[in-house]
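Taken in sequence, the protein lines are chains A and B.
Its first residue numbered 5, the first sequence is counted upward by one per residue in this note's numbering.
Its first residue numbered 7, the second sequence is counted upward by one per residue in this note's numbering.
For every residue, glycine included, the Cβ atom is placed at its ideal position computed from N, Cα and C.
Data block below; observations after.
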Amino acid sequence: MEQKTLISSRRKKWRVDRITWFDYFNVISAALLSFTFIIPFLIVIGSSLLGYEESVSRGSIYVLFPQSPDFICYKILLGHGSAVYRGYLITILRLVIGTTLNLLFTGTMAYGLSKRSLPGKGILTTIVFFTMLFSGGLIPSFLLYQLLGISNTFWVMILPVLINPWWMFIMRNFFREIPDSIEESALIDGASPLRIFFSIIVPLSAASFATIGMFYAVMHWNSWFDAAIHITNPKLQPVQVLMRNVVLTATSTDLNNEIMAGIAKKPPSNALKSAMIVVSTLPILVVYPFIQKYFVKGMVVGSIKG
Amino acid sequence: MAEKSLLLPKKGRKWSAFKRHIPYYLLILPGLIWFIIFRYLPMYGVSFAFKDVAPFEPVQDMLKAPSVGFRHFKTFINSYYFKILMKNTLEISLLRLAFGFPLPLIFALMLNELRNVRYKKVVQTISYLPHFISWVVVAGLVTMMVTTDGGVINNILKAMGRKEIYFLGDVRYFRSVLIISGIWKELGWNTIIYLAAITGIDTQLYEAAIVDGCGRFRRAIHITLPGIANIIIILLIFSIGGLLNAGFEQIMLLYSPPVYDVADIIDTYVYRKGIIEMNYSFSTAVGLFKSAIAMVLIVLANVTAKLFGREGLW
Numbered sequence: 005m006e007q008k009t010l011i012s013s014r015r016k017k018w019r020v021d022r023i024t025w026f027d028y029f030n031v032i033s034a035a036l037l038s039f040t041f042i043i044p045f046l047i048v049i050g051s052s053l054l055g056y057e058e059s060v061s062r063g064s065i066y067v068l069f070p071q072s073p074d075f076i077c078y079k080i081l082l083g084h085g086s087a088v089y090r091g092y093l094i095t096i097l098r099l100v101i102g103t104t105l106n107l108l109f110t111g112t113m114a115y116g117l118s119k120r121s122l123p124g125k126g127i128l129t130t131i132v133f134f135t136m137l138f139s140g141g142l143i144p145s146f147l148l149y150q151l152l153g154i155s156n157t158f159w160v161m162i163l164p165v166l167i168n169p170w171w172m173f174i175m176r177n178f179f180r181e182i183p184d185s186i187e188e189s190a191l192i193d194g195a196s197p198l199r200i201f202f203s204i205i206v207p208l209s210a211a212s213f214a215t216i217g218m219f220y221a222v223m224h225w226n227s228w229f230d231a232a233i234h235i236t237n238p239k240l241q242p243v244q245v246l247m248r249n250v251v252l253t254a255t256s257t258d259l260n261n262e263i264m265a266g267i268a269k270k271p272p273s274n275a276l277k278s279a280m281i282v283v284s285t286l287p288i289l290v291v292y293p294f295i296q297k298y299f300v301k302g303m304v305v306g307s308i309k310g
Numbered sequence: 007m008a009e010k011s012l013l014l015p016k017k018g019r020k021w022s023a024f025k026r027h028i029p030y031y032l033l034i035l036p037g038l039i040w041f042i043i044f045r046y047l048p049m050y051g052v053s054f055a056f057k058d059v060a061p062f063e064p065v066q067d068m069l070k071a072p073s074v075g076f077r078h079f080k081t082f083i084n085s086y087y088f089k090i091l092m093k094n095t096l097e098i099s100l101l102r103l104a105f106g107f108p109l110p111l112i113f114a115l116m117l118n119e120l121r122n123v124r125y126k127k128v129v130q131t132i133s134y135l136p137h138f139i140s141w142v143v144v145a146g147l148v149t150m151m152v153t154t155d156g157g158v159i160n161n162i163l164k165a166m167g168r169k170e171i172y173f174l175g176d177v178r179y180f181r182s183v184l185i186i187s188g189i190w191k192e193l194g195w196n197t198i199i200y201l202a203a204i205t206g207i208d209t210q211l212y213e214a215a216i217v218d219g220c221g222r223f224r225r226a227i228h229i230t231l232p233g234i235a236n237i238i239i240i241l242l243i244f245s246i247g248g249l250l251n252a253g254f255e256q257i258m259l260l261y262s263p264p265v266y267d268v269a270d271i272i273d274t275y276v277y278r279k280g281i282i283e284m285n286y287s288f289s290t291a292v293g294l295f296k297s298a299i300a301m302v303l304i305v306l307a308n309v310t311a312k313l314f315g316r317e318g319l320w
C-alpha cells in the first residue's frame, strides 16, 4: 500500500517536468551501459562456434558472428567421456550438500542467538563477530585442513565455509521479526524449542532460508580458489577449476581425449576456451534473473541493520 | 514459569534462566564448535609466524618448534619486496576507490531519473548480471577482450592500422585492466544500497521543492544527495577500512611475472611464499602483518563512523 502511494507520487513528480535533452541522454546511456554488460557474453557465444576452417582463413580471433557456425567444441565438451561431466557432478554435489549443511548450521545458530533473553548472548555474539575482524590467514588454515585430514577431499570445499557470520547475523535478524507469541503458545502446548524450530520457525521463515540459501548456493557455484589449493586430485575438481585450467592456463588437452583423438581438424583454442566459458556459465545466466531479487532483498536488509 | 523464578534468590534466578535456555544452547553448540575449530584454531596457528617450521613435517611437530621471535617480520620489513608490496596494495586499492566509488553513485542517480519504471527495472537487472559470475569467468572474458591472441580490442586496433598492445603483460596497462574489469563486475550491484536509500527519502520533500520551483537537477543535488549522504559516508569509511584488500582473486587469475612490479600485492605474495614455495613461517608472518593492520583499520573506521555520529558496525 505504502509502496503504491510512493510510486504514484513519484509519477506526479514526473508530470511536472518536461522531457528535456537530459532524458534522451539518460535513456541512451543506460542502454549503452546495459550493452557493455551483455556484449562480452555474446562475443563468447559467437566465438565458441568457430571451427577449423574459419580459424585457417581468419586466424586466431574472437568474434560476435562466426561465418560458418560449427558446434564441434560442444561435441567435444559435452560428448561421451568429457571431463566436464565429472566437474559438473562435483559442483552440483558441492552446491546441494554444501548449501544444506550451511542452512542447518547457520539457521540453528541464528535461531539460538535470536533469543533476546538468552544468558551469555553478548559473549557468543562477540565470539562470532571477532572472526569478521581477524583471521588466522591462509597458511594456518591450509595446515589445519591437513591436520584434520580433509585436505584433498570433497569436504575441504564444504566444512571450512559452513557459516558466514554476516549472513548468520542477517538470519538472526529475520528470526527476531517473528512474534514471540507464536513460540510461546507452542511452548505452553509442551513443544520443545528444538521441535518449535524445525516445525514452526523453519516453515515460517521459508523466505529467509531461501534468500540465505541462495547466497550460499551462488558462493559454492562460483568458488574455485579453495578447490585449487586444497585439492590436488583432478577427479575432485569442480567445474570452475576445470574452466580456469582451460581458459587461463591453456591445458585443454585432457578435456576429452576420446573425442579429441578422433578429430583431424581440431577447433581453434579460442573457440574451445569460449565454449568452456559458455558451458560453465549458462546455468547461472539462466537462473539469475529469477534469483536476483532475493539477493537484492538480502542485501538491503543486511545493510540497514548489520 | 516466569513468576516462579521471580520468587527465587538472584543466583537461583540466573540458574533457572540458564536452565530454561538449554535447548537454545544446544542449537547454538554445533555452530560454536565450528567457529572454534575453523576460525579460532587457525588464529592459534599464527604462532607459526614466530617459529621456523619445515614443510612436510607433521603439524603437531610444527607447533613444538622453538620460537625465533620477530625474525620473520624483520626479514619481511627489511626486504626488497616490502616497499613494492605495500605500494602496490595501497595504490591499487586507492585507484579502485577513486574510480569505483563515485561511479555506482552516479549510476544510481541516473537510474533514479529514468521515467519508465519497466525500462529502469530491465537496466538494473542487466547491470547486476556480472556480480553473479565468478572471477574465473570474468578473467576469461577479460582475456578474450584484451589478449594479443585475437582479442577483441587488439583486433580493432589492428583494423585501424595501430600496433597491438599486450595489456596483460605491460606494466603501463595492467592496472587499468584490473580497475576497469573490477568496476564492470560490481557497478550495477553497488547501486542497490543507494537506490534503497533513495526510496527512503520523504516524498514530501520533493513535492515541496516542486512547489518552490526546483528543477529536476536541483532536486537531485539538494534533496536526493543529502538524503543518502549517511550511506555514502558509511560506505566510504568502511572501504577505507578494507584498504589492504586489493582484489586477491582477480589479480591471482590475471597477473603474470612480467607485471609483478605493479600487480603483486600482499595477498598474492603470501600465496606464492606459502603455498608454492612452502615457506610456511615466513608466509604466515606476512599474512599476520596484513591481518593485524587490517584489523586496526577496521576498528579505526568504526571509531570514525561513530565520531561522525553514524551507527558503526558495532
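Under the Cβ criterion of 8 Å, A/Leu259 is not counted among the residues facing chain B. Interface annotation for the stretch 164-181 of chain A against chain B: Pro164, Val165, Leu166, Ile167, Pro169 and Met172, criterion Cβ-Cβ distance under 9 Å.
Listed along chain B are Gly156 and Asn161, each with a C-beta nearer than 7 Å to that of A/Ile65. Judged by beta-carbon spacing, B/Asp270 lies beyond the 8 Å limit of B/Leu69, meaning their Cβ atoms are not closer than that value.
For B/Ser297, the closest Cβ of chain A is nearer than 8 Å. Of all residues in the stretch 133-149 of chain A, only Phe133, Thr135, Leu137, Phe138, Ser139, Gly140, Gly141, Leu142, Ile143, Pro144, Ser145, Phe146, Leu147 and Leu148 place a beta-carbon less than 8 Å from a beta-carbon of chain B. The alpha carbon of B/Leu242 has as its nearest neighbour, out of B/Pro64, B/Met151, B/Pro108 and B/Met150, the alpha carbon of B/Pro108. Neighbourhood of B/Leu96 in chain A, by CB distance below 7 Å: empty, with the nearest CB roughly 19 Å away. In the DSSP secondary-structure assignment, B/Lys164 is not bridged to any residue. Taking 8 Å as the cut-off, the Cβ atoms of B/Lys93 and B/Val74 do not count as close.
Residue pairing by DSSP places B/Lys57 opposite B/Ser73 in a beta bridge. Membership of B/Met92 in the alpha helix (DSSP H) is indicated by the continuous run Tyr86 to Gly106. If you check the CB distance, B/Ala215 and B/Arg225 come in under 8 Å. In the three-state reduction of the DSSP assignment, B/Ser262 falls in the coil class.
In the DSSP assignment, B/Ser287 falls within the unbroken alpha helix (DSSP H) covering Tyr286 to Leu313.
Under the Cβ criterion of 8 Å, A/Arg248 is counted among the residues facing chain B. Distance from the CA of B/Gly188 to the CA of A/Ser64, rounded to the nearest whole angstrom, comes to 27 Å. Taking 8 Å as the cut-off, the Cβ atoms of A/Ile263 and A/Gly85 count as close.
Judged by DSSP in its simplified three-state form, B/Ile159 adopts helix. Along the stretch 114-136 of chain B, the positions whose C-beta sits under 9 Å from a C-beta of chain A are Met116, Leu117, Glu119, Leu120, Arg121, Asn122, Val123, Tyr125, Lys126, Val128, Val129, Gln130, Thr131, Ile132, Ser133, Tyr134, Leu135 and Pro136, read in chain order.
The C-alpha of B/Phe113 lies about 7 Å from the C-alpha of B/Thr197. Within the model, the alpha-carbon separation for B/Val292 versus B/Val152 is close to 33 Å. When secondary structure is reduced to three states using DSSP, B/Ile171 falls in the coil class, being assigned neither helix nor strand.
Between A/Gly91 and A/Pro242, the C-beta spacing is below 8 Å. Contact between B/Val144 and B/Lys191 holds: their C-beta atoms lie close to 6 Å from each other, under 8 Å. Neighbours of A/Ser33 across chain B, judged by C-beta separation under 8 Å: Met116.
Per DSSP, the unbroken alpha helix (DSSP H) holding A/Ala232 starts and ends at Phe229 to His234. Residues of chain B whose Cβ lies closer than 7 Å to the Cβ of A/Met161 do not exist; the shortest such Cβ separation is about 13 Å.
DSSP places A/Cys77 in the uninterrupted alpha helix (DSSP H) bounded by Ile76 to Leu82. Chain order gives no chain B residues near A/Trp25, where near means a beta carbon separation below 8 Å; the closest approach is about 12 Å. Restricting attention to beta strand (DSSP E) runs no shorter than 3 residues, the stretch 58-119 of chain A encloses none.
Residues of the stretch 138-152 of chain B that bring their beta carbon within less than 8 Å of a beta carbon in chain A comprise Phe138, Ile139, Ser140, Trp141, Val142, Val143, Ala145, Gly146, Leu147, Thr149, Met150 and Met151, in sequence order. Within the stretch 182-232 of chain B, complete beta strand (DSSP E) segments of at least 3 residues are not found at all. As the crow flies, the alpha-carbon of A/Val290 is around 40 Å from that of A/Asp184. B/Val142 and A/Gln244 do touch by the CB rule: their CB atoms are close to 5 Å apart, below 8 Å. Between the alpha carbons of B/Ile227 and A/Val300 lies a distance of about 26 Å.
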